[in-house]
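K.L.:
Take a look at the following structure, please.
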Amino acid sequence: MAKPDSALLTRKASLPLSWETLLVVILIASLAAGRVLSPVFLTGDNLGNVLADLSEVALMAMPMTLIIVAAEIDLSVASVLGVSSALMGVFWHMGLPMPLVIALVLAAGALAGLVNGLVIVRLNLPSLAVTIGTLAFFRGLAYVLLGDRAIADFPPAFTAFGMNTLGGTFIPLPFLIVAACAVAFTLLLQATVFGRSLYAIGANTTAALFSGIAVAKLKIRLFVLSGAMSALAGVVYTLRFTSARGDNGEGFELSVIAAVLFGGVSIFGGRGSMYGVLLSLLIVGVLKNALTLADVSSETLTIVTGALLLASVLIPNLAARWRMVRERRALARSA
Numbered sequence: 001m002a003k004p005d006s007a008l009l010t011r012k013a014s015l016p017l018s019w020e021t022l023l024v025v026i027l028i029a030s031l032a033a034g035r036v037l038s039p040v041f042l043t044g045d046n047l048g049n050v051l052a053d054l055s056e057v058a059l060m061a062m063p064m065t066l067i068i069v070a071a072e073i074d075l076s077v078a079s080v081l082g083v084s085s086a087l088m089g090v091f092w093h094m095g096l097p098m099p100l101v102i103a104l105v106l107a108a109g110a111l112a113g114l115v116n117g118l119v120i121v122r123l124n125l126p127s128l129a130v131t132i133g134t135l136a137f138f139r140g141l142a143y144v145l146l147g148d149r150a151i152a153d154f155p156p157a158f159t160a161f162g163m164n165t166l167g168g169t170f171i172p173l174p175f176l177i178v179a180a181c182a183v184a185f186t187l188l189l190q191a192t193v194f195g196r197s198l199y200a201i202g203a204n205t206t207a208a209l210f211s212g213i214a215v216a217k218l219k220i221r222l223f224v225l226s227g228a229m230s231a232l233a234g235v236v237y238t239l240r241f242t243s244a245r246g247d248n249g250e251g252f253e254l255s256v257i258a259a260v261l262f263g264g265v266s267i268f269g270g271r272g273s274m275y276g277v278l279l280s281l282l283i284v285g286v287l288k289n290a291l292t293l294a295d296v297s298s299e300t301l302t303i304v305t306g307a308l309l310l311a312s313v314l315i316p317n318l319a320a321r322w323r324m325v326r327e328r329r330a331l332a333r334s335a
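Structure (structure tokens):
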């Protein structure tokens, strides 16, 4: 009897359930659990709250996905949100028209990202260390701008956008921005040369350089994009809660990174998809909302976020080791 083809055995041994498929299962289970925890969970109003509450995290998580795929990280995103919110209040109190205020805030966010990118790339410093520093710097700057004050006299026409829904449905208007960005970022990562270059950089930076990829320029652009998107998240957050404060978005960086890593993006770069991150964002939003409806404390919600971070690192590594063991056994049987 002919021996089975070893390559075929290897392929069969390395075909586990895809991470995205597993996330779909987890999302369905989370929705079911939410329905059990609270009878109002699946109502339109509450689902609208889920979508609204994940808006800012989603806006920051999409560029973060690109950055981590390229084997870097940006821990300053929530602080850029905070300083953007503070700048929004300051510019409005200066008497500037709101469209100009928003444009200046987005430009300031892009500038903050440019500072991160230039320091990391030009000085060849680790992004983890640099963005820990700018996390503190930008948050401190937000407090310098506003102190303990809150500015809440924004024009109703703009705050209505942050609070209203689409045509009487449960879909909040800010989520339209999230949906548009989700389409754009998915295409950017999954269907362009730019996206393929990020995977190449994350997998092997030296090889990417020798293949002609402008690694330094691409990384700087990533951080500029992250800063601009974090500023956009600051605008959305300020309009949703009708208040500019220096502490807006404090601690959001943990939720952003948890969503990206739980979405299947490797912390070491070179692997992951935007589809997984979008599913992960929905799971995180559903779980937090369900636990809040069940009167779970904020401390427990933080524990859940930390558990997701641990799971996102441990499960893929354990799965990879399991695949290696299966492949070796399959090859041994075919020898």
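With UniProt numbering applied, the sequence shown covers 1 to 335. Built from N, CA and C at the ideal position, the CB exists for glycine as well.
1. Could you pull out every residue in the same chain whose Cβ sits closer than 8 Å to the Cβ of residue 324, ignoring the five residues on either side in sequence?
2. Taking C-beta to C-beta, are residue 274 and residue 65 nearer than 8 Å?
3. Please state the DSSP three-state secondary structure of residue 171.
4. Please tell me whether residue 50 and residue 289 are closer than 8 Å, where the distance is taken between their beta carbons.
5. Along the alpha helix (DSSP H) that carries residue 161, what are the first and last residues, could you check?
6. Does the distance from the C-beta atom of residue 174 to that of residue 236 stay below 8 Å?
7. Does residue 1 pass the burial test, meaning 16 or more other C-beta atoms within 10 Å, or should it be called exposed?
8. Taking the DSSP output, what are the residues bridged to residue 151?
9. Could you pull the start and end residues of the alpha helix (DSSP H) that residue 122 belongs to?
10. Along the alpha helix (DSSP H) that carries residue 76, what are the first and last residues, could you check?
11. How many Å lie between residue 19 and residue 263 at the Cα?
12. Applying the 10 Å Cβ sphere with the 16-neighbour rule, what's the burial state of residue 252?
13. Whose CA, out of 89, 204, 75, lies closest to the CA of residue 151?
14. Tell me the DSSP secondary structure of residue 300 in three-state form.
15. In this structure, does DSSP put residue 46 in helix, strand or coil?
P.N.:
In terms of the structure at hand:
1. none
2. yes
3. coil
4. yes
5. 156 to 163
6. yes
7. Model confidence at residue 1 stands at a pLDDT of 40, short of 50, so the residue's coordinates are unreliable and nothing is read from them.
8. 244
9. 98 to 122
10. Neither: residue 76 is in no alpha helix (DSSP H) and is coded neither H nor E.
11. 8 Å
12. buried
13. 89
14. helix
15. helix
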